[in-house]
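Have a look at the structure below before the remarks.
Chains as they are written, first to last, in the working numbering: chain A, 1 to 104; chain B, 1001 to 1301.
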């Protein structure tokens, strides 16, 4: 297992509503817990992944995600069992949309 | 129409309970995760693979749970089991109208060893406590991972079991039987044999499940509402019911104990075309089964 932390500032969109969980921790899949949190405007993401050594890939996927959504005051926690980058991106979008009710 | 099989546990809840009524106890945000998996450096899940809470079913207060088969096969660890036990205890305290368990589990989570074993036995006792309080317990089995091991036993502690053909219910899983007794005893790679032996249709014909539905969330919901209505008033387990069950099992062994394949069991039940049973749609199957089902009170006809 490997734990990775990311923080993005300069987001502009606070998260409305209650925490949501999407996805399942199973092979090639992941769960994403998304919730509003007072983080001085930041968006913090914690990833616990079963696949070691993919930190650079995670960072690229998270950077893309932040570019799409520009979230602020949001905490995202991920439990991963080797999901591919495309699956991670889709799950992250699903997580935000489950809170906001639609695409950006 | 929406497939029950294809949905995750969390997605099943709003389809089965009245929309928007379910309040989850210990939701994922509470992060009550397995302490054992972390020690083994294995991935955890924020709900430990089970959703528990209280909702409305056709307007009545019904407590419920949904096990997530995708996370470690729905296996029961210490936290997972404690969530089920706590929900069942609260159902008694608050005088629930019924309890509905959407089960999908391989049984005990082996990573958690004795803690998992104890958890499953506590779940069984809690189910019987709920029934003793006059509250019916209804189980639904229709997920891809089936309901096996200790949770297979727990399912049969309930008042009624609702299954789809795709659902499976048994004690030892196919791979376990093959590992312990050899491929001649049971070929776990033979999917048709596995479903003939553990699937919803066989369980229905033998009387282990009381309701068979198509793989459809609306059908499961309607069956759950009807099952609650049927079981109200006779929820508690009685000595007579236990003795009748024992007698049924004895008759089953006498009647079918030497049968090597469910096809032979169905033939002895009088099913006209046993080989055609797996291909029947739910409605056609139920019409046929009405003539030939072993049922709770019979066994060797």
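Cβ coordinates follow ideal geometry from the N, Cα and C atoms, glycine included. Remember, it's a predicted structure, so these values are computed and weren't measured experimentally.
The way I'd put it, the region 1185–1197 of chain B doesn't touch the region 1249–1259 of chain B; fewer than three beta-carbon pairs between them come closer than 8 Å. The region 1027–1070 of chain B contains, as complete beta strand (DSSP E) runs of 3+ residues, the segments 1050–1057 and 1060–1067 (chain order).
Beta-bridge annotation (DSSP): residue 5(A) is paired with 46(A). Residue 1100(B): member of the beta strand (DSSP E) spanning 1098–1103, first to last residue. At a beta-carbon threshold of 8 Å, the residues of chain B lying near residue 19(A) are 1027, 1028 and 1029, ordered along the chain. Setting aside the 5 residues that flank it on each side, residue 1131(B) is surrounded in the same chain by 1137, 1159, 1235, 1236 and 1237, each with a C-beta closer than 7 Å to its C-beta; the list follows chain order.
Short of 7 Å from the beta carbon of residue 1289(B), and not among the five residues preceding or following it, lie these beta carbons of its own chain, in chain order: 1204 and 1205. At least one CB of chain B lies nearer than 7 Å to the CB of residue 26(A). In this chain, the beta strand (DSSP E) harbouring residue 36(A) covers 30–36. Taking 7 Å as the cut-off, the beta carbon of residue 50(A) is found closer than this to the beta carbon of residue 82(A). In this structure the region 47–67 of chain A lies against the region 1–13 of chain A, because at least three pairs of beta carbons, one per stretch, are closer than 8 Å.
Neighbours of residue 1070(B) across chain A, judged by C-beta separation under 8 Å: 24, 25, 26 and 29.
Taking C-alpha positions only, residue 1274(B) is separated from residue 1101(B) by approximately 31 Å. Beta-bridge analysis with DSSP links residue 1140(B) to 1102(B) and 1162(B).
Per DSSP, reduced to three states, the secondary structure at residue 72(A) is strand. Rounded to the nearest angstrom, the gap between the Cα atoms of residue 40(A) and residue 1098(B) is 46 Å. When the beta-carbon positions are compared, residue 1085(B) and residue 1066(B) stay at least 7 Å from each other. In the three-state reduction of the DSSP assignment, residue 1093(B) falls in the helix class, which pools H, G and I.
At the C-beta level, residue 1029(B) and residue 1076(B) stay beyond 7 Å of one another. DSSP, reduced to helix, strand and coil, places residue 63(A) within a helical segment of the structure shown.
For residue 1178(B), the CB contacts under 6 Å within the same chain, skipping 5 residues up- and downstream, are 1186 and 1188 in chain order. A direct Cα-Cα distance of roughly 17 Å separates residue 20(A) from residue 1019(B). Neighbours of residue 33(A) in chain B, taken as residues whose beta carbon is under 9 Å from its own, are 1028, 1029, 1031 and 1046 in chain order. Distance between residue 1149(B) and residue 1139(B), taken at the CA atoms: about 15 Å.
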